[in-house]
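Numbering (the numbering used here), first residue to last: 7 to 202.
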């Protein structure tokens with residue numbers, strides 16, 4: 007059994023909870039859109055605003071999912087080259103990848119906060135029949151971005167510490183998943199499902 011990343015393990019419960027909330031929000035959005043389609047088709051009635059709520063839901067669920075994707079190393083990486091380079095170069099690239107993720111997360115949280123403050127200052131409303139005060143969905147969205155910024159910063163700091171102390175663990179914890187990692191995860195999933 008492979009060694010566990012304790013930093014990622016400590017952050018996982020919050021990230022998994024947010025991802026679960028995002029999943030249920032998408033399920034609710036799907037049911038709303040289904041109801042909208044059926045009502046329009048058979049009753050010539052519209053729920054008004056399901057498209058607007060759908061946009062908010064997709065923005066929020068994306069922000070909520072970023073943290074778990076970072077923890078589970080699910081963000082897109084070009085693996086064709088990283089599998090063929092030596093571990094010393096790989097550790098530099100893996101550190102740079104965590105740095106890039108952190109910088110992007112901090113930038114998104116900063117710009118999201120600026121957008122939220124502007125919406126509050128100008129009392130911005132959506133340009134739709136719902137006239138939603140934009141600070142409401144933006145607050146939830148910015149919360150998700152802030153969690154992503156915190157998670158990615160913690161992961162980068164851990165990766166930087168490992169870069170100085172143990173580059174093999176840096177590569178194991180923050181490099182692209184190997185075939186062995188994927189097989190181990192699938193076996194653990196099958197075992198967990200079998201135990202239920």
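All C-beta atoms, glycine included, are put in the ideal place defined by N, C-alpha and C.
Contact check, residue i vs residue j, beta carbons under 8 Å
| i | j | result |
| --- | --- | --- |
| residue 131 | residue 123 | no |
| residue 150 | residue 32 | no |
| residue 52 | residue 38 | no |
| residue 108 | residue 159 | yes |
| residue 140 | residue 125 | yes |
| residue 65 | residue 147 | yes |
| residue 135 | residue 54 | yes |
| residue 168 | residue 154 | no |
| residue 45 | residue 157 | no |
Nearest-angstrom Cβ-Cβ length linking residue i and residue j, presumed shorter than 8 Å
| i | j | result |
| --- | --- | --- |
| residue 14 | residue 101 | That pair is no contact at about 16 Å. |
| residue 93 | residue 186 | Between residue 186 and residue 93 the Cβ distance is about 15 Å, and since that is not below 8 Å, they are no contact. |
| residue 70 | residue 20 | Actually they do not touch by this definition, with Cβ atoms about 10 Å apart. |
| residue 88 | residue 99 | 6 Å |
| residue 161 | residue 103 | Actually they are not in contact, since the Cβ atoms of residue 161 and residue 103 sit about 10 Å apart, beyond 8 Å. |
| residue 96 | residue 177 | 5 Å |
Range of the contiguous alpha helix (DSSP H) that encloses residue i
| i | result |
| --- | --- |
| residue 97 | 93-128 |
Residues of its chain near residue i, where Cβ-Cβ distance is below 6 Å and the 5 sequence neighbours each way are ignored
| i | result |
| --- | --- |
| residue 183 | 79 |
| residue 202 | none |
| residue 63 | 31 and 35 |
| residue 110 | none |
| residue 197 | none |
| residue 195 | none |
Beta-carbon proximity list for residue i, same chain, < 7 Å, skipping 5 on both sides
| i | result |
| --- | --- |
| residue 199 | none |
| residue 85 | 182 |
| residue 22 | 74 |
| residue 164 | 13 |
| residue 120 | none |
Sequence-distant residues of the same chain with beta carbon closer than 8 Å to residue i, five excluded per side
| i | result |
| --- | --- |
| residue 91 | 99 |
So within the stretch 138-197, which uninterrupted alpha helix (DSSP H) runs reach at least 4 residues, ignoring any that extend past its ends?
141-171 and 173-180
Please give me, in chain order, every unbroken run of the alpha helix (DSSP H) with length at least 4 that falls completely inside the stretch 19-84.
56-77
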